[in-house]
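Engineer: Chains as they are written, first to last, in this note's numbering: chain A, 55 to 426; chain B, 55 to 426. For each residue, glycine too, the CB sits at the ideal point set by N, CA and C. Just so you know, these numbers come straight off a predicted model, no measurement behind them.
2 protein chains.
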Amino acid sequence: MDELNVEPSLSEVFNFAKYRVGGHGSRNIGVLKSAIEQVDDHIDSDIYGTGGIIEQFQEKIAKFLGKETAVFFPSGTMAQQIALRIWCDELGTQKVAYHPLCHLEIHEQDGLKKLHHIEPVLLADKDSLITWSDVQNLQEDIACLLIELPQREIGGQLPEYNELVEISRYCRKKGIKLHLDGARLFEVLPYYKKTAAEICALFDSVYVSFYKGIGGIAGAMLVGSEAFTAESKIWKRRYGGDLISLYPYIISSEYYFNLRVGKMEEYYEGAKKLAEKFNHCYSIDTRPMIPVSNMFHVMFKASREKVEQVLIQLCKETGIGITGNLREYTDTTCYCEISIGDQFALIPDEMMDTALTLLDDRMREIGSTGEK
Amino acid sequence: MDELNVEPSLSEVFNFAKYRVGGHGSRNIGVLKSAIEQVDDHIDSDIYGTGGIIEQFQEKIAKFLGKETAVFFPSGTMAQQIALRIWCDELGTQKVAYHPLCHLEIHEQDGLKKLHHIEPVLLADKDSLITWSDVQNLQEDIACLLIELPQREIGGQLPEYNELVEISRYCRKKGIKLHLDGARLFEVLPYYKKTAAEICALFDSVYVSFYKGIGGIAGAMLVGSEAFTAESKIWKRRYGGDLISLYPYIISSEYYFNLRVGKMEEYYEGAKKLAEKFNHCYSIDTRPMIPVSNMFHVMFKASREKVEQVLIQLCKETGIGITGNLREYTDTTCYCEISIGDQFALIPDEMMDTALTLLDDRMREIGSTGEK
């Protein structure tokens, strides 16, 4: 193979793009440096889950989410498995319900099943949201229902608030615990026009992440009643998540939380504006059509190979990276995820429009030439 | 309670001591800052276990330990449970053997049992090391034997190298996997006069820590064959330990590894010197009598309450903190752990001698006055 002739991949081109439509910028060491340079050297580390630096942040997030207590975790994977285990133990059943594209089902190497022997009941079709009627039609006794807001893998869709209220009431009546996968909870508040506490009040336990819309380095919080979070700390120790020091994640989580939690409306408006432009392009739709958070999927009616070439060329010609990760949907369609963050506002409107006009042209070209 | 009259606790006095006999200094944010300030802002984060920053460090440690491959973990708790689970799955039995004061038995809230239903067989008495004869007398089929070098909870004792060789040969003959809890492996190399690779060659899998003698922020490495570490990565994902970014721990682990792995001989010599001085004090012994690593226990033949007052006064008068954490052993005896690091060399010899002369006097005083 002649290395000189190897074309750069989409992800390489994207990484060196002048502008990127999604995200907050490069995930590099500078992200940590910016967060810690404002902290005094002499502030003590947290020690195995105790100490001012972790406790004050836990209290702050518990208050923000309107719950009694919060526990900082290195990851959401760990936090959510533990939440479901606690509810299963409390209710004496090994069954929970969640969406077929739930993070626990597709991204965790079956940790829930392998570590806890908990059996999930999959609710709703892959391409649909869980509805109140799905919940009412549940035939099995479950300890807990997990709802993800927004449902990331289908473009970040959301049930209407009233439907959430009905699901919550129903679960309380039936003695089913309701857990919120709020990896992107902050991002949906502008659509619901609710506070985080108002949404969380519908749930018994909530997980939030600090590296999606917030853009921290890693880290998650699990919130709920005092009894629930006390139990979760024991499991955190069992998992090896009760590190002697979590402060690199705590400091960066709090720094970027303070910086960005108030910018979710801006990201949401950006997502709606950009999605509308994509929807004017030939053979391109967004899912959802009108975003309900900072995220959406761009669905291309052409094969992944063809669209990849289009996006590489587009990036080279305009300096705008749409995505670095295009995924096959069917043989003749593909999609990418866009999450609007700080980067989008840096792209001049005219440049974005020029890029999308070019994209529209290129999609017409590959649409009319048939398969390569 | 009149707060003005509350005496500071031993740990408070210790934290503000001018000199501390053990450790590398305060665990504060400065530890992270020192490590990352020398790294370029533009270096990319690791992403879910991949990327140059994690891969090069894994390769470096695998090579140092003489094994095929290594996987960086957020914690040793996670790494070791996973190691034992892999060996149990491979050998088709749910039993392992380890010391009664093994970390997995006493510090992990029974994670091994609760998450894996693995049953440990406890080898040796609490106060003794596991011997070759203990291993030979094992009545049960086990998948794996875990040996901790040094055995921390009994003062950091070590079997002789030849005994390790016999245990290793026996395990290989019997098809028992041998796992090394090497949380303090680097610290025992001067005593054995062996390389890390020579010690690790006796074991099928090895865990090392970066925040004990190395003094990093947190983090661990699990090393072994390629098949073993590949399997461990799947479990790391299941545990929620496969964080999007582990670089704060990776960078600091490597920085302090480079800084201190060559200083273990100095720490070991310091430990021997200091232990000898303690052993000249009235009613004080060290365990072991002559340290075999940078650590040892100081055993006081007086009640915890009395010794605490002695150490508080000693610290106030001499500026030297012996420990911040004195533990009851029996009603009339107590002990503390000393791990020599960078701090010890900062204490002028005469000051250390003065402090220990004073300690000797005070121990005589409380020894002769009977119980308060």
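#1: Could you give the first and the last residue of the continuous alpha helix (DSSP H) run that contains A:Y310?
#2: Just curious, the alpha helix (DSSP H) that A:M132 is in, first and last residue?
#3: Nearest by alpha-carbon distance to A:E220: which of A:E330, A:S337, A:G84 and A:Q190 is it?
#4: Does the CB of B:N379 have a neighbour CB from chain A at under 8 Å?
#5: Does B:T384 come within less than 8 Å of chain A when only Cβ atoms are used?
#6: DSSP three-state label for A:I107, please.
#7: Under the three-state reduction of DSSP, which class applies to B:E425: helix, strand or coil?
#8: Distance, Cα to Cα, B:P345 vs B:N333?
#9: If the cut-off is 9 Å on Cβ atoms, which residues from the region 231–246 of chain A count as contacting chain B, listed in chain order?
#10: Name, please, each residue of chain A whose Cβ falls closer than 7 Å to the Cβ of B:Y336.
#11: By how many angstroms is the C-alpha of A:L400 removed from the C-alpha of B:T372?
#12: Measure from the C-beta of A:L400 to each C-beta in chain B and report whether the shortest distance is under 8 Å.
#13: B:V262 to B:I304, Cα distance in whole Å?
#14: What residues match up with A:H351 in a beta bridge as DSSP calls it?
#15: Report the CB separation of B:G294 from A:T131 in whole angstroms; it is logged as a contact under 8 Å.
#16: Suppose contacts are defined by Cβ-Cβ distances below 8 Å. Is B:K180 in contact with B:P204 by that definition?
#17: Give the range of the alpha helix (DSSP H) segment to which A:F68 is assigned.
#18: With 8 Å set as the bound, which would you pick, yes or no: does the beta-carbon of A:S307 sit closer than that to a beta-carbon of chain B?
#19: Just reading off the alpha helix (DSSP H) that A:D188 is part of, what are its end residues?
#20: With a threshold of 8 Å between beta carbons, is B:G165 in contact with chain A?
#21: Restricting to runs no shorter than 3 residues, where is the beta strand (DSSP E) found entirely within the region 192–229 of chain A?
#22: May I ask which residues mark the beginning and end of the beta strand (DSSP E) holding B:F495?
#23: In terms of alpha-carbon separation, which member of B:G375, B:R139 and B:M275 lies closest to A:L169?
#24: Residues of chain A with CB under 9 Å from B:L64, in chain order?
#25: Exposed or buried, what is B:G378 when buried is set at 16 or more other beta-carbons lying within 10 Å of its beta-carbon?
#26: Please decide whether A:P302 counts as near chain B, where near means a Cβ-Cβ distance under 8 Å.
#27: In the DSSP output, which residue or residues are listed as bridge partners for B:N82?
#28: Go to B:E173, then tell me how far its beta strand (DSSP E) extends in each direction, as first and last residue.
#29: Quick one: which residues of the region 73–85 of chain A get their C-beta closer than 8 Å to a C-beta of chain B? List them in chain order.
#30: Please report how far the alpha carbon of A:V364 lies from the alpha carbon of B:I271, in whole angstroms.
#31: Which first and last residues belong to the alpha helix (DSSP H) in which A:G236 is found?
#32: May I ask you to list, following chain order, the residues of the region 254–286 of chain A that have a beta carbon less than 8 Å from some beta carbon of chain B?
#33: 8 Å is my cut-off, CB to CB: does B:T185 come that close to chain A?
#34: Give a yes or no on whether the C-beta atoms belonging to A:Y301 and A:S99 are separated by under 8 Å.
#35: A:G427 by DSSP, collapsed to three states: which one?
#36: Pairs of beta-carbons, one from the region 341–357 of chain B and one from the region 316–331 of chain B, closer than 8 Å: are there three or more?
Structural biologist: Quick look at the numbers:
#1: Walking along the first sequence from the start, residue 310 of chain A turns up at place 256. Y301 to R314 is the extent of the alpha helix (DSSP H) around A:Y310.
#2: Translated into positions along the first sequence, residue 132 of chain A becomes position 78. From DSSP, the alpha helix (DSSP H) with A:M132 extends over G130 to L145.
#3: Taking the first sequence and counting its residues from 1, the one referred to as residue 220 of chain A is at position 166. Of the candidates A:E330, A:S337, A:G84 and A:Q190, the one whose C-alpha sits nearest the C-alpha of A:E220 is A:Q190.
#4: The sequence position of residue 379 of chain B within the second sequence is 325, counting from 1. B:N379 does not count as touching chain A.
#5: Along the second sequence, one-based indexing puts residue 384 of chain B at 330. By this cut-off, B:T384 is not an interface position.
#6: What you label residue 107 of chain A is simply residue 53 of the first sequence in a count that begins at 1. Helix at A:I107.
#7: Within the second sequence, numbered from 1, the residue matching residue 425 of chain B stands at position 371. Interpretation of B:E425 is limited by its pLDDT of 44, a score under 50 that renders its predicted location unreliable; the figure taken from the coordinates is listed afterwards. Here B:E425 sits in coil by DSSP.
#8: To locate residue 345 of chain B, count along the second sequence from 1; it is residue 291. To locate residue 333 of chain B, count along the second sequence from 1; it is residue 279. For B:P345 and B:N333, the distance between alpha carbons rounds to 12 Å.
#9: none
#10: Within the second sequence, residue 336 of chain B is the residue found at index 282, counting from 1. Within 7 Å Cβ-Cβ: nothing; B:Y336 doesn't reach chain A, min ~33 Å.
#11: Position 318 of the second sequence holds residue 372 of chain B. Position 346 of the first sequence holds residue 400 of chain A. Spanning the two alpha carbons is a distance of roughly 60 Å.
#12: The residue labelled residue 400 of chain A in the question sits at position 346 within the first sequence. Output row for A:L400: interface = no.
#13: Reading the second sequence from its first residue, position 208 is the one you call residue 262 of chain B. Reading the second sequence from its first residue, position 250 is the one you call residue 304 of chain B. One C-alpha to the other measures close to 13 Å.
#14: One-based indexing of the first sequence puts residue 351 of chain A at position 297. A:R341 and A:E391, per the DSSP bridge assignment.
#15: If you number the second sequence from 1, residue 294 of chain B lands on position 240. If you number the first sequence from 1, residue 131 of chain A lands on position 77. The pair is a contact, with the Cβ atoms about 3 Å apart (cut-off 8 Å).
#16: Working through the second sequence from its first residue, we reach residue 180 of chain B at position 126. Working through the second sequence from its first residue, we reach residue 204 of chain B at position 150. No.
#17: The residue you call residue 68 of chain A lines up with position 14 of the first sequence. Counting along the chain, the alpha helix (DSSP H) containing A:F68 begins and ends at L64 to N69.
#18: By 1-based counting over the first sequence, the position of residue 307 of chain A is 253. Judged by the 8 Å Cβ criterion, A:S307 is not in contact with chain B.
#19: Position 134 of the first sequence holds residue 188 of chain A. First-last of the alpha helix (DSSP H) with A:D188: W186 to Q190.
#20: Walking along the second sequence from the start, residue 165 of chain B turns up at place 111. Answer yes: the Cβ-Cβ gap between B:G165 and chain A drops below 8 Å somewhere.
#21: 198–202
#22: There is simply no residue 495 of chain B to check, as chain B begins at 55 and stops at 426 in what is shown.
#23: Within the first sequence, numbered from 1, the residue matching residue 169 of chain A stands at position 115. It is B:R139.
#24: For the purposes of this step, residue 64 of chain B is taken as residue 10 along the second sequence, with counting starting at 1. None at all; the shortest Cβ gap to chain A is about 16 Å.
#25: The residue given as residue 378 of chain B occupies position 324 in the second sequence. Looking at its Cβ environment, which holds 16 or more other Cβ atoms inside 10 Å, B:G378 is buried.
#26: For the purposes of this step, residue 302 of chain A is taken as residue 248 along the first sequence, with counting starting at 1. Answer yes: the Cβ-Cβ gap between A:P302 and chain B drops below 8 Å somewhere.
#27: Numbered from 1 along the second sequence, position 28 holds the residue referred to as residue 82 of chain B. Its beta-bridge partners are A:D98.
#28: Locating residue 173 of chain B in the second sequence gives position 119, where the first residue counts as 1. E173 to L176 is the span of the beta strand (DSSP E), which, as asked, contains B:E173.
#29: S80, R81, N82, I83, G84 and V85
#30: Position 310 of the first sequence holds residue 364 of chain A. Position 217 of the second sequence holds residue 271 of chain B. For A:V364 and B:I271, the distance between alpha carbons rounds to 45 Å.
#31: Taking the first sequence and counting its residues from 1, the one referred to as residue 236 of chain A is at position 182. Looking at the DSSP string, A:G236 is not in any alpha helix (DSSP H); the run it does join, the beta strand (DSSP E), is K231 to G236.
#32: Y265, I271 and A272
#33: Locating residue 185 of chain B in the second sequence gives position 131, counting from the first residue. Closer than 8 Å: no.
#34: On the first sequence, position 247 is the one that residue 301 of chain A refers to. On the first sequence, position 45 is the one that residue 99 of chain A refers to. Yes, Cβ-Cβ distance for A:Y301 and A:S99 is below 8 Å.
#35: With chain A running from 55 to 426 in the structure shown, residue 427 of chain A is simply not present.
#36: yes
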